[in-house]
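Chemist: In my numbering, the protein residues as written are 4 to 256.
Ideal Cβ positions, reconstructed from N, Cα and C, are used throughout, including at glycine.
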Amino acid sequence: MYNPFSLSGKKIIITGASSGIGRQCAIDCSKMGATVILVARNEKRLKETQKEMQQSERHSYYSIDLGQPDRIKELVETIVVTHGKLDGFIHAAGIEKTLPVKLLSIDDYETLFRVNTLSAFEFIRCFSNKKFFNDNGHIVLLSSITSIIGRGGVAAYAASKGAMVSAVRSMALELARKGICINCVSPGTILTPMMQDFLSTLSEEDYKKRIDGFPLGLGEVTDVSQLCLFLLSNASRWITGQNIVIDGGYTSR
Ligand SMILES: NC(=O)c1ccc[n+]([C@@H]2O[C@H](COP(=O)([O-])OP(=O)(O)OC[C@H]3O[C@@H](n4cnc5c(N)ncnc54)[C@H](O)[C@@H]3O)[C@@H](O)[C@H]2O)c1
Numbered sequence: 004m005y006n007p008f009s010l011s012g013k014k015i016i017i018t019g020a021s022s023g024i025g026r027q028c029a030i031d032c033s034k035m036g037a038t039v040i041l042v043a044r045n046e047k048r049l050k051e052t053q054k055e056m057q058q059s060e061r062h063s064y065y066s067i068d069l070g071q072p073d074r075i076k077e078l079v080e081t082i083v084v085t086h087g088k089l090d091g092f093i094h095a096a097g098i099e100k101t102l103p104v105k106l107l108s109i110d111d112y113e114t115l116f117r118v119n120t121l122s123a124f125e126f127i128r129c130f131s132n133k134k135f136f137n138d139n140g141h142i143v144l145l146s147s148i149t150s151i152i153g154r155g156g157v158a159a160y161a162a163s164k165g166a167m168v169s170a171v172r173s174m175a176l177e178l179a180r181k182g183i184c185i186n187c188v189s190p191g192t193i194l195t196p197m198m199q200d201f202l203s204t205l206s207e208e209d210y211k212k213r214i215d216g217f218p219l220g221l222g223e224v225t226d227v228s229q230l231c232l233f234l235l236s237n238a239s240r241w242i243t244g245q246n247i248v249i250d251g252g253y254t255s256r
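Here is the structure:
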C-alpha cells in the first residue's frame with residue numbers, strides 16, 4: 004500500500020522517551036513500523052513506555068543523564084554496535100525553569116543549556132559521522148514557541164530553545180550534503196506532566212490568560228508527535244533548517 008509516511012525499517016533514537024511528548028513519539032513511531040531506541044533518565048518509566056509500544060520486544064532503552072553531554076558519544080557507539088546505523092533522531096528531553104531574570108544564576112542557564120541544547124548538539128556531532136547515521140536521515144529537535152515570542156520568567160529556557168533554532172539553520176546546510184534533514188518543532192502549551200506541574204503553580208487569573216491565548220485550546224501530545232513523525236518520514240525530504248510552530252493559533256494573533 005502507498006504510504007509515504009511509513010517509518011518501516013527505520014532505526015530512531017528518541018530522548019525524553021520516558022514521559023510526555025517523547026513518550027508519545029516513541030509509541031507512534033512504533034505504530035509506523037520503526038525500531039525505536041528510547042533514551043531518558045528514569046529506567047522504570049522507560050520500561051513503561053516500551054510496554055505501551057507496538058511489538059515492544061523490537062525496541063530497547065538506555066538510561067542516561069543528558070546533563071552530562073560528554074557521555075553521549077559512548078552511548079551512540081554502544082547503540083550503533085548493538086542495533087546498526089541510525090536513520091532518525093528526536094530530541095524531546097527537556098527541562099524548564101521559571102524565574103525572573105534577577106534571580107537566574109549562571110548555574111541555572113548552564114543546567115538548562117546542557118539538557119535542552121548541548122546534549123542535542125552532541126548527538127548531532129556524532130550523527131555527522133557516517134559510521135553512525137545513514138544518508139537521507141532525519142533529525143527533529145523539540146524547541147518551543149518561547150524561541151520566537153517573549154514571556155516573563157522564562158529567559159533561560161527561551162535562550163536554550165532559541166539556540167536550537169539558529170543552530171539548526173547552519174547544521175541543515177552542512178548536513179544537506181548527505182541528504183540529512185534537520186528541523187525544530189516549536190510547540191505552544193501541550194498538556195504533559197511537565198506542563199501540568201507548571202500550570203498548577205499559576206494563579207486563577209494567569210491560568211485563564213494562558214488558556215485564552217490558544218484559539219484552538221491547549222495542545223495534546225499526539226498533535227506534536229504526529230508532526231514529528233511526518234518530519235522523520237520520507238514525505239518531508241525537502242524540508243530542512245526550519246522551525247515549525249505548532250501552537251493552535253497562539254502566534255497568529
Ligand atoms: N509540554 C509543553 O507544553 C511544551 C511546550 C513547548 C516545548 N516543549 C518541549 O518539549 C519537550 C518535551 O516536553 P514534555 O512536556 O513532554 O516534558 P516531560 O517533562 O513530560 O518530559 C521530559 C523528558 O525529558 C527527560 N529528561 C529531563 N531531564 C533529563 C536529563 N537530565 N537526562 C535525560 N533525560 C532527561 C525526562 O526523563 C522526560 O523523559 C521538552 O524539550 C520541552 O521543553 C514542551
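If you reduce the DSSP assignment to three classes, tell me which class A29 lands in.
Modeler: helix
Chemist: Got a sec: does ligand 1 put a non-hydrogen atom nearer than 6 angstroms to the Cβ of R44?
Modeler: yes
Chemist: Taking 6 angstroms as the cut-off, is the CB of S2 close to at least one heavy atom of ligand 1?
Modeler: Nothing in the structure corresponds to residue 2, since the chain is present only between 4 and 256.
Chemist: Between L121, A179, I15 and P196, which lies nearest to D73 when the distance is taken from Cα to Cα?
Modeler: L121
Chemist: Once the 5 residues before and after A158 are set aside, which same chain residues still bring their CB inside 7 angstroms of it?
Modeler: V104 and L107
Chemist: With respect to 6 angstroms, is the separation between the Cβ of P196 and the closest non-hydrogen atom of ligand 3 below this value?
Modeler: Within the structure as shown, ligand 3 is missing, the only ligands being ligand 1.
Chemist: For the pair the stretch 84 to 94 and the stretch 131 to 140, tell me if three or more CB-CB distances fall below 8 angstroms.
Modeler: yes
Chemist: Return yes when the C-beta of G216 is under 6 angstroms from any heavy atom of ligand 1, and no when it is not.
Modeler: no
Chemist: Roughly how many angstroms lie between the CA atoms of H62 and K13, to the nearest whole one?
Modeler: 12 angstroms
Chemist: Assuming contact is defined by CB atoms lying nearer than 7 angstroms, are E125 and I75 in contact in what I supplied?
Modeler: yes
Chemist: Would you kindly work out how many angstroms separate the C-alpha atoms of M198 and R44, rounded to a whole number?
Modeler: 18 angstroms
Chemist: Taking Cβ positions, are C187 and L234 nearer each other than 7 angstroms?
Modeler: The Cβ-Cβ distance between C187 and L234 does not fall below 7 angstroms.
Chemist: Within the continuous beta strand (DSSP E) that includes A43, where are the two ends?
Modeler: T38 to A43
Chemist: Under the three-state reduction of DSSP, which class applies to F135: helix, strand or coil?
Modeler: coil
Chemist: Any heavy atom of ligand 1 closer than 6 angstroms to the Cβ of I185?
Modeler: no
Chemist: So is K54 buried or exposed if we call it buried at 16+ other beta carbons inside 10 Å?
Modeler: exposed
Chemist: Pull the bridge partners of G91 from the DSSP assignment, please.
Modeler: I15 and H141
Chemist: Taking the beta carbon of D68 as the centre, do at least 16 other beta carbons fall within 10 Å, making it buried, or is it exposed?
Modeler: Counting Cβ neighbours within 10 Å, D68 comes out exposed, since fewer than 16 surround it.
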